[in-house]
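In what follows, a structure is listed as structure tokens, so that the remarks can point back to it.
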Amino acid sequence: EPEVTQTPSHQVTQMGQEVILRCVPISNHLYFYWYRQILGQKVEFLVSFYNNEISEKSEIFDDQFSVERPDGSNFTLKIRSTKLEDSAMYFCASKTGPDTDTQYFGPGTRLTVL
Amino acid sequence: QKEVEQNSGPLSVPEGAIASLNCTYSDRGSQSFFWYRQYSGKSPELIMSIYSNGDKEDGRFTAQLNKASQYVSLLIRDSQPSDSATYLCAVRRRSGGSYIPTFGRGTSLIVHP
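Protein sequence lines correspond, in order, to chains R and W.
Quick note on numbering: the first sequence equals residues 25 to 138 in the working numbering.
Quick note on numbering: the second sequence equals residues 869 to 981 in the working numbering.
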């Protein structure tokens with residue numbers, strides 16, 4: 025069964041460094057999402073992406089964050105200058121099209137900022 | 869003001885019983901409503917979506933929506949130990965010019981044999 029994959033599973037970085045989290049959505053999916061979940065807290069929506077542009081973003085998704093679909097398979101989240109409070113699990117998700125709400129989540133990347 | 873509120877639990881029920889999970893939301897203009905299941909250390913998985921007032925049933929799961937009371941619930945019939953997980957309520961609420969998904973903190977459900 026096709027699934028969303030994310031790499032790496034765990035990323036450790038120093039405060040102020042740039043990180044890129046990578047996702048490979050399911051191949052025929054057109055809508056892509058990033059969420060984060062700080063340990064013990066709620067899942068938070070960051071951004072949605074369709075047709076090579078951001079369609080929705082939350083207040084969390086400020087200028088420190090960017091997303092890109094550099095080729096036909098990868099979908100990346102870049103954090104330019106990481107802060108301690110960026111430490112969280114980051115989930116990528118994808119769905120086929122506008123007629124469904126079923127998003128398929130990847131296993132997540134745990135980001136630890138030291 | 870918390871946008872989506874859930875009792876954190878844990879809610880403990882015996883195997884075979886009905887588990888009732890509740891959620892309230894603050895934005896009266898919220899549209900779609902969702903229940904996700906999240907096992908410890910895993911990613912969320914969509915169980916049910918509901919868009920209009922009333923009940924929606926899917927197998928052992930029933931979602932109930934009351935927009936006037938700003939209330940969403942999930943009933944799990946014939947609860948199994950494998951249902952033990954955290955259940956996340958999510959709504960699409962207005963933020964600026966669009967609607968974004970907003971999650972509650974989740975209710976931990978424990979189904980004991």
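Glycine is no exception: its CB is placed at the ideal position from the N, C-alpha and C atoms.
Taking 4 residues as the minimum length, the segment 40-90 of chain R contains no alpha helix (DSSP H) run wholly inside it.
About 7 Å separates the Cβ atoms of S105(R) and E42(R), confirming a contact at the 8 Å cut-off.
Segment contact: the segment 873-880 of chain W against the segment 122-134 of chain R, fewer than three CB-CB distances shorter than 8 Å; contact not assigned. The beta-carbon of P94(R) is placed no less than 8 Å from the nearest beta-carbon of chain W. The residues C47, V48, G130, P131, in chain order, have a CB closer than 8 Å to that of T29(R) in the same chain once the five nearest residues on each side in sequence are set aside.
T120(R) is positioned such that its CB atom lies no closer than 8 Å to that of N76(R). Sequence-distant Cβ neighbours of R945(W) in its own chain, meaning closer than 6 Å and more than five residues away, are I886, R928. Counting of Cβ neighbours within 10 angstroms places Y57(R) among the buried residues, the total reaching 16 or more. With fewer than 16 neighbouring CB atoms inside 10 Å of its own CB, Q899(W) falls in the exposed class. DSSP assignment within the segment 93-134 of chain R yields the following whole beta strand (DSSP E) runs of 3 residues or more, N-terminal first: 99-103, 112-119. Between V67(R) and P912(W), the gap from beta carbon to beta carbon is short of 8 Å. Counting only the Cα atoms, S937(W) lies some 16 Å from R960(W). Contacts between D125(R) and chain W, judged by CB atoms closer than 8 Å, involve S900, F902, L914, S917 in chain order.
Under the Cβ distance rule, I944(W) does not count among the residues neighbouring chain R, no pair being separated by less than 8 Å.
Within the segment 947-961 of chain W, L956, A958, R960 place their CB atoms closer than 9 Å to a CB of chain R, listed in sequence order. When P32(R), L45(R), L54(R) are compared, the shortest CA-CA separation from G96(R) is found for L54(R).
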